[in-house]
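Below: one structure, written as structure tokens.
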Amino acid sequence: APQLLAEVAAAAAAAQGAPLAALGAALVLVAASVVAVRSFNGGSRTYKDGENTVGNEYDAWTEEGVLEYYWGEHIHLGYYEPEELRGDFWPPKRDFIEAKFTFVDKMFDWGWEGPATGPKRILDVGCGVGGTSRHLAKRFPDAEVVGITLSPKQVQRATELAAEQGVTNARFEVMNALDMTWASDQFDMVWGCESGEHMPDKEAYIKEMTRVLKPGGSLVVATWCQRDLAEGETFTDKEKTQLQFLYDEWAHPYFISYEEYGRIMERTGVLASVRAANWVRETINSWRHSIWVGVFDPWIVVFKGPRMWWKVIREIVTLERMHRAFDCGLMTYGMIRSSKEKPSGQKGGATRRLEPRAA
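The UniProt record's numbering numbers the first residue of the sequence shown as 1 and each following residue consecutively.
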């Protein structure tokens, strides 16, 4: 940046008869552009191990209210049918929030392999403000749904919304998904929707969810992934730069491929019927759709002042970069499901009380 400014200053000094004010304005514009480019090329919310970066960021987003205002109760992408689309740029012909409810139903139908009556106990890992937990609790009123997150503010908000909506069979706790406090074999379904991105140890993430899953239960994971690499292949320098920005902007330690998630599940030795798929076409329109939602209704941001304006500009840049990364194949939308094998001769029994992990 200093070299660039020096070159501009030299060119300005060489200009004959140019108004001083115009030259000064040009220098200010160049300097601002350099600062903006540098800012947008570096993440503002880098994941830091041991500092609860993820929980702190979601605390801040929850308190601000902007994310919930635009994205509703579901902090995840939506599901779009081909006939609902109007090209890659224009907003789809459906409600942004409703697309998220559709996604939850599609994910459940794809991931649940148990009886048609549904699961009796569901664990929502990385529950956000509880939108999915409450939706599943309403769909299965006889089920017990538990949502966990690292964010105390999200737990508070999720609990408030459950009370407002009269949902009594869903509750929420602050808990580390890599070290859950429950005994093994507790849940009929373990659900991880867009939480794996934030996990610093993907293998431990899968293993811990598998541990608390009952034999015969279903594990389903939806997560942003990077493309799978062939043996000996590496990402290009450009791809590494793109990925690093996506890691650093929203507190992601790293991504893996959805194929690798499938391999991790297979390595547990107790998960069977592993299936992995790429739902990028069903979900990619969420990125630009979310931008259009803000364009059509900007007022909550307008009245929050310059600091929020700058933050939202960064979010728009990130949303567009996400869209492009998914569109070019650098990123994929992984859907991975499996079921936990029952020991030989074991039959499904009654659901016990949720038990704590032994000390």
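Note that CB positions come from ideal geometry on N, CA and C, so glycine has one too.
- Note on A230: under 16 other CB atoms within 10 angstroms of its CB, so exposed under the neighbour-count rule.
- In chain order, G130, R134 and A170 place their CB closer than 7 Å to the CB of A162, counting only its own chain and leaving out the 5 sequence neighbours on each side.
- In this structure V270 is not in contact with G111, their Cβ atoms being roughly 17 Å apart against a cut-off of 8 Å.
- Between the segment 301–316 and the segment 194–204 there are fewer than three C-beta pairs closer than 8 Å, too few to call the two in contact.
- Unbroken alpha helix (DSSP H) runs of no fewer than 4 residues, entirely contained in the segment 143–219, are found at 152–165 and 202–212, following chain order.
- According to the DSSP assignment, D248 belongs to the alpha helix (DSSP H) that extends over D237 to E249.
- Taking a cut-off of 8 Å on C-beta distances, the segment 239–259 touches the segment 321–338, as three or more cross pairs fall below it.
- Between V295 and G128, the alpha-carbon positions lie close to 25 Å from each other.
- From the listed residues V145, T62 and L123, the smallest Cα separation to S151 is found for T62.
- CA-CA distance, M209 to Q165, rounds to 28 Å.
- Residue ranges of uninterrupted alpha helix (DSSP H) with 4 or more members, entirely inside the segment 303–338 and ordered along the chain, are 306–327.
- Rounded to the nearest whole angstrom, the CA to CA distance from W250 to N285 is 19 Å.
- The Cβ atoms of I300 and V66 sit closer than 9 Å to each other.
- At the C-beta level, Q186 and V155 stay beyond 9 Å of one another.
- I206 and F303 have their C-alpha atoms spaced approximately 42 Å apart.
- Secondary structure remark: continuous beta strand (DSSP E) runs of at least 3 residues inside the segment 36–82: none found.
- Contact between T102 and G78 holds: their C-beta atoms lie close to 7 Å from each other, under 8 Å.
- Within the model, the alpha-carbon separation for D95 versus Y258 is close to 28 Å.
- D297 carries a coil assignment under DSSP once its states are collapsed to helix, strand and coil.
- T223 carries a strand assignment under DSSP once its states are collapsed to helix, strand and coil.
- Inter-residue distance for E64 and P343 is about 48 Å (C-alpha atoms, whole angstroms).
- Straight across, the Cα-Cα distance linking C225 with V190 is about 19 Å.
- Annotation for L123: the continuous beta strand (DSSP E) segment containing it runs R121 to V125.
- DSSP, reduced to helix, strand and coil, places K106 within a helical segment of the structure shown.
- In the displayed model, L136 falls within a helix according to three-state DSSP.
- When DSSP reads this structure, K340 sits in a beta bridge with L271.
- Inter-residue distance for E57 and R45 is about 8 Å (C-alpha atoms, whole angstroms).
- For the 9 Å CB-CB criterion, V174 and G50 do not form a contact.
- Beta-bridge partners assigned by DSSP to P91: none are found.
- The three-state reading of DSSP puts A276 in strand, counting E and B together.
- The Cβ-Cβ distance between I336 and V274 falls below 9 Å.
- Its Cα nearest to that of K153, the residue F172 stands out among V145, V146, F172 and T168.
- Bridge partners of P356 according to DSSP: W182.
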